[in-house]
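Residue 36 is where the sequence shown starts when you use our numbering, and the numbers rise one by one after that. Right, one structure below, let's go through it.
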Amino acid sequence: MNVFVTGGAGYIGSVCVEELINAGHQVTVLDNLSEGHRSAVDERVKFIEANLGDRALVLKALKEAKAEAVIHFAAHALVGESMTDPGKYFRNNVARGLELLDASVEAGIRKFVFSSTCATYGPPDRVPMTEDLPQRPINPYGESKLMFEKMLKWYQEIHGLEFVAFRYFNAAGASEKFGEHHRIETHLIPNVLKVALGQAPQCEIYGTDYETPDGTCIRDYIHIVDLSQAHILALKPGKKGFFNLGNGEGYSVREVIKMCEKVSGKSIPAIEKPRRAGDPPKLVASAERAFNELGWKPKFPKLEDIVTTAWHWHSEHPQGYRD
Ligand code: UDP
């Protein structure tokens, strides 16, 4: 299939592009490299450096690529940043995304796959979380993704644009070639592994007074290759709707740090800091719908395997991508 991927130079996009090509798809990547890296884009794809919001350019690119499906990763995705700069999130994730959506309709795209997030739920009434839980985001990042989900529902109903929206829990780990390198790193696992690599004296724990067994936030970590495989399954005709992607197992910040110590064989000192604004205490997925309707089956559900692949990648790329 001819697949057009936005954000294919980013962390999740880069691995998904690699998996798409390995599965025999033809891929075009559009990315403005504001977050992504040119060298994270698989050499076997056509690369276009451009903005999502440039509708005429995107439409032309979709037509030239003879795109049948769009996978839309390009977004800002930091909870903390969204709490200080909400406009950045609504402008990029909603307004610019809408231009892509309109271009996709005009180009006659058959399937639109969207990176949504568990942050659209806000603090859940119960875990594991199923897709029918109320969505009450507590940060602009989650709100911006929820707004796009709503647009997709209407575009499917009115324009017949079939969509799959994946609500990711915490993407982590790496493939052999591609891993996590944000210019400003705020994510837990890469920050903790930086200490193991000797690049930082200690890691930080944001909040130790949550109502969780050890007082720190609980998240459901999912391997980036498993996440990518779900996107490939979503391309099949007739697959549509909202799907959680997670492993159904929650780990606290302290447990993640312990696992990083085990995997790296290094001691990792941590200091306790106040809560980070916008963080729900506990997010754990039920991915039953993805299992049943997409036939999705994670290959790396164990936190140890996830952290091990991240550790390998960071050890081999201590400075991340060079560009
Ligand atoms: N976190 C932390 N120290 C860090 C980075 C993150 O304690 O250096 C916490 C964060 O507050 C959250 C969890 O780890 O509770 C996961 O955060 P991350 O930014 O990795 O992902 P998010 O859940 O925000 O998408």
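Glycine is no exception: its CB is placed at the ideal position from the N, C-alpha and C atoms.
So what does residue i bridge to, in DSSP terms?
| i | result |
| --- | --- |
| phenylalanine 277 | Ala200 |
| histidine 107 | Thr41 and Phe149 |
| glutamine 61 | Asn37 |
| histidine 352 | Paired residues: none, contrary to the question. |
| serine 10 | Not covered by the structure: residue 10. The range shown for the chain is 36 to 358. |
| aspartate 66 | Glu84 |
| glutamate 178 | DSSP, once it has assigned bridges, lists no residue as partnering glutamate 178. |
| alanine 320 | Met164 |
| glutamate 284 | For glutamate 284, which the question treats as bridged, DSSP gives no partner whatsoever. |
| leucine 258 | Here the sequence assigns histidine to residue 258, which means leucine is not the residue at that position. Ala207. |
| glutamate 307 | Ile240 |
| isoleucine 253 | Ser287 and Lys317 |
Taking 7 Å as the cut-off, does the CB of residue i come closer than this to any heavy atom belonging to the ligand UDP?
| i | result |
| --- | --- |
| arginine 357 | no |
Determine the direct distance from the alpha carbon of residue j to that of residue i, and round the result to whole angstroms.
| i | j | result |
| --- | --- | --- |
| glycine 233 | alanine 142 | 49 Å |
| glycine 242 | aspartate 137 | 41 Å |
| glutamate 162 | proline 336 | According to the sequence shown, residue 162 is valine rather than glutamate. One C-alpha to the other measures close to 18 Å. |
| glycine 276 | isoleucine 106 | 14 Å |
| lysine 81 | glycine 48 | 14 Å |
| lysine 293 | alanine 206 | 18 Å |
| glycine 43 | aspartate 255 | 24 Å |
| asparagine 127 | glutamate 323 | 31 Å |
| tryptophan 346 | leucine 228 | 7 Å |
| leucine 196 | glycine 132 | 15 Å |
| tryptophan 348 | phenylalanine 213 | 7 Å |
| leucine 113 | histidine 266 | 22 Å |
| methionine 360 | aspartate 340 | The question about residue 360 has no answer here: the residues shown for the chain are numbered 36 through 358. |
| leucine 181 | phenylalanine 108 | 14 Å |
| arginine 171 | alanine 154 | 9 Å |
| valine 129 | tyrosine 46 | 20 Å |
| serine 302 | asparagine 226 | 14 Å |
| glutamate 53 | valine 298 | 26 Å |
| glutamate 103 | histidine 216 | 30 Å |
| isoleucine 257 | alanine 235 | 25 Å |
| glutamine 191 | phenylalanine 198 | 7 Å |
| glutamate 178 | leucine 262 | 22 Å |
Check your reading: residues with Cβ closer than 6 Å to the ligand UDP heavy atoms: Val114, Asn205, Thr221, His222, Leu223, Asn226, Cys238, Glu239, Ile240, Tyr241, Cys252, Arg254, Val288, Arg311 and Asp314
Contiguous beta strand (DSSP E) assignments of at least 3 residues, all confined to the region 197–251: 197–203, 205–207 and 238–241
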